[in-house]
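Read through the structure below, which is laid out as structure tokens, and then see the notes.
Number of protein chains: 2
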Amino acid sequence: MGVREDLLAAARAELDENGHAGISLRAVARRAGVSHAAPKHHFADRAALLTAIAADGFASLAAALDQVPDPTLAALGRAYIDFGLTHPALFDLMFRPSELHTDDPELHAATETSLRRLKTATDDESLTMISWALVHGLVILTRDGALGGLTEAADPAATARRLAEIFAERIQS
Amino acid sequence: MGVREDLLAAARAELDENGHAGISLRAVARRAGVSHAAPKHHFADRAALLTAIAADGFASLAAALDQVPDPTLAALGRAYIDFGLTHPALFDLMFRPSELHTDDPELHAATETSLRRLKTATDDESLTMISWALVHGLVILTRDGALGGLTEAADPAATARRLAEIFAERIQS
DNA sequence: ATCGACTGCTTGACACTGTCAAGGCGAAGC
DNA sequence: GCTTCGCCTTGACAGTGTCAAGCAGTCGAT
Chain C
1 MGVREDLLAA ARAELDENGH AGISLRAVAR RAGVSHAAPK HHFADRAALL TAIAADGFAS
61 LAAALDQVPD PTLAALGRAY IDFGLTHPAL FDLMFRPSEL HTDDPELHAA TETSLRRLKT
121 ATDDESLTMI SWALVHGLVI LTRDGALGGL TEAADPAATA RRLAEIFAER IQS
Chain P
1 MGVREDLLAA ARAELDENGH AGISLRAVAR RAGVSHAAPK HHFADRAALL TAIAADGFAS
61 LAAALDQVPD PTLAALGRAY IDFGLTHPAL FDLMFRPSEL HTDDPELHAA TETSLRRLKT
121 ATDDESLTMI SWALVHGLVI LTRDGALGGL TEAADPAATA RRLAEIFAER IQS
């Protein structure tokens, strides 16, 4: 309803259409039907807008991980991959500290919350981080089409999920 | 010597200082001591300049992987991690297809060359891709300081290397 | 040797960006 | 009823990528 919400919604739309680099404050303002300087009143600068979106993204990720019925390592990994490949531009923005205000308390809290879910699967801290790095790398390489350089898969997302499963089976736990 | 080389060198310097988003064609031209439109003569657009740098980066990566004396999975992974953390901005650019001309033949060739090294360690294609995704994720999460969200390590790079070793030991091959 | 074309660079312009300053307008409080 | 304040607009500035036109050399052909 408020202008702030309109701006956020417009920015989300622009993000999905053009990626984080394609987000222009002025285009967002136009889309929201306000003047080009209106965003300044709700967000200190461009990074602040992006930070708000990223924080929202982490909240969504936390919710997605929370919905996993049986939070095994494999299940959480699959949910992580699905989230990343369903919202590629958002996922990209979330892990782009150079574009964000990393000291923002809301962003920090949202990040912490979603990362805490990853710890619930096992007590082995090394295994947690390795699994996280794996699924994170799978999302990025899949999104960028880089895995295609090694294999010719029809469905990249399915390949990523399959690889995560193979990892879960093969790792010594 | 040539202006093209000067521009590339200037762009590399700007990249290391400001990251890929901080590269401005005009700033690069100023640094190289030429007019603001000179880059246009050597690179069709900004993406073309970035593509040339990325291609060079993949060549460097291939060289780094080539220098590994005993190309085991663990050794290649370590070299990959070291490369990514030694040249964070360059590594970032290399895997940023939205900023590059992905159809550029030079880029394509350089990418293929460096990826081929990753295959030399094992015949197991799944294991190759899993390992790649792991080290890639480790580089990114370490570079962005995200691993700090799960653990409080003094030396992130050492943590990344340690995790890669643990992975190599624990995976069923 | 002179002319012509072509390459490599410059200058100038355009639309666009993020950000800042000043002002207006309406609602809320005294 | 008047004032004050919050939200928004308009206008401006420097900076950006890109394009068009022009200018200076150099190189080849006549």
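As you go down the protein sequences, you meet chains C and P in turn.
Just so it is clear: in the first sequence, position 169 is 169 by UniProt numbering, and no numbers are missing.
Just so it is clear: in the second sequence, position 169 is 169 by UniProt numbering, and no numbers are missing.
Where a beta carbon is used, it is the ideal one built from N, C-alpha and C, also for glycine.
Can you give the beta carbon distance from Leu107 (chain P) to Ala54 (chain P), rounded, assuming they're within the 8 Å contact cut? Your numbering for residue 107 (chain P) matches position 107 in the second sequence. Your numbering for residue 54 (chain P) matches position 54 in the second sequence. That pair is a contact at about 6 Å.
Judging by CA-CA distance, which residue of P:Thr111, P:Leu147 and P:Ala133 is the nearest neighbour of Leu73 (chain P)? Within the second sequence, the letter at position 73 stands for residue 73 (chain P). Of the candidates P:Thr111, P:Leu147 and P:Ala133, the one whose C-alpha sits nearest the C-alpha of Leu73 (chain P) is P:Ala133.
Using a Cβ distance threshold of 8 Å, determine whether the region 18-28 of chain P contacts the region 63-77 of chain P, with at least three qualifying pairs required. A contact between stretches requires three or more CB pairs, one per stretch, nearer than 8 Å, and the region 18-28 of chain P fails this requirement with the region 63-77 of chain P.
So which residues of chain C does Phe167 (chain P) contact, with C-beta pairs closer than 7 Å? Position 167 of the second sequence holds residue 167 (chain P). Correct list: Ile130.
State yes or no: is the C-beta of Leu93 (chain P) within less than 8 Å of the C-beta of Gly57 (chain P)? Locating residue 93 (chain P) in the second sequence gives position 93, where the first residue counts as 1. Locating residue 57 (chain P) in the second sequence gives position 57, where the first residue counts as 1. Result yes, Cβ atoms of Leu93 (chain P) and Gly57 (chain P) sit closer than 8 Å.
Which residue's Cα is closest to the Cα of Arg170 (chain C): P:Ala44, P:Arg78, P:Leu127 and P:His41? Residue mapping note: residue 170 (chain C) aligns to position 170 of the first sequence, counting from 1. Across the set P:Ala44, P:Arg78, P:Leu127 and P:His41, the C-alpha of P:Leu127 shows the shortest separation from the C-alpha of Arg170 (chain C).
Along chain P, which residues have their Cβ under 7 Å away from the Cβ of Ala77 (chain C)? Reading the first sequence from its first residue, position 77 is the one you call residue 77 (chain C). The sequence shown places Gly at residue 77 (chain C), not Ala. Simply none; closest approach about 11 Å.
Hey, is Pro97 (chain P)'s beta-carbon within less than 8 Å of any beta-carbon in chain C? As a first step, residue 97 (chain P) is located in the second sequence; it is residue number 97 there, counting from the start. Interface with chain C (8 Å Cβ-Cβ cutoff): Pro97 (chain P) is included.
Are the C-beta of Leu65 (chain P) and some C-beta of chain C separated by less than 8 Å? Numbered from its first residue, the second sequence carries residue 65 (chain P) at position 65. Cβ-Cβ to chain C under 8 Å: no for Leu65 (chain P).
For the region 116-125 of chain C against the region 82-100 of chain C, do three or more pairs of beta-carbon atoms, one drawn from each stretch, fall closer than 8 Å, so that the two count as touching? The region 116-125 of chain C is not in contact with the region 82-100 of chain C.
Interface positions of the region 112-126 of chain C facing chain P (Cβ-Cβ less than 8 Å), listed along the chain: Correct list: Glu112, Leu115, Leu118, Lys119, Glu125 and Ser126.
Residues of chain P with a CB under 7 Å from the CB of Leu85 (chain C): which are they? Mapped onto the first sequence, residue 85 (chain C) falls at position 85. Neighbours of Leu85 (chain C) in chain P, taken as residues whose beta carbon is under 7 Å from its own, are absent, since the nearest beta carbon is some 13 Å off.
DSSP-derived helix/strand/coil call for Ile140 (chain C): Walking along the first sequence from the start, residue 140 (chain C) turns up at place 140. Under the three-state reduction of DSSP output, Ile140 (chain C) falls in the helix class.
Answer yes or no: does any C-beta atom of chain P fall closer than 8 Å to that of His101 (chain C)? As a position in the first sequence, residue 101 (chain C) is number 101, starting the count at 1. Contact with chain P is absent for His101 (chain C), since none of that chain's Cβ atoms lies less than 8 Å from the residue's Cβ.
Near Ala10 (chain C), which residues of its chain fall below 6 Å by C-beta distance, leaving aside the five closest residues on each side in sequence? Here residue 10 (chain C) corresponds to residue number 10 of the first sequence, with the count starting at 1. Same-chain partners within the cutoff: Val28, Arg31 and Ala32.
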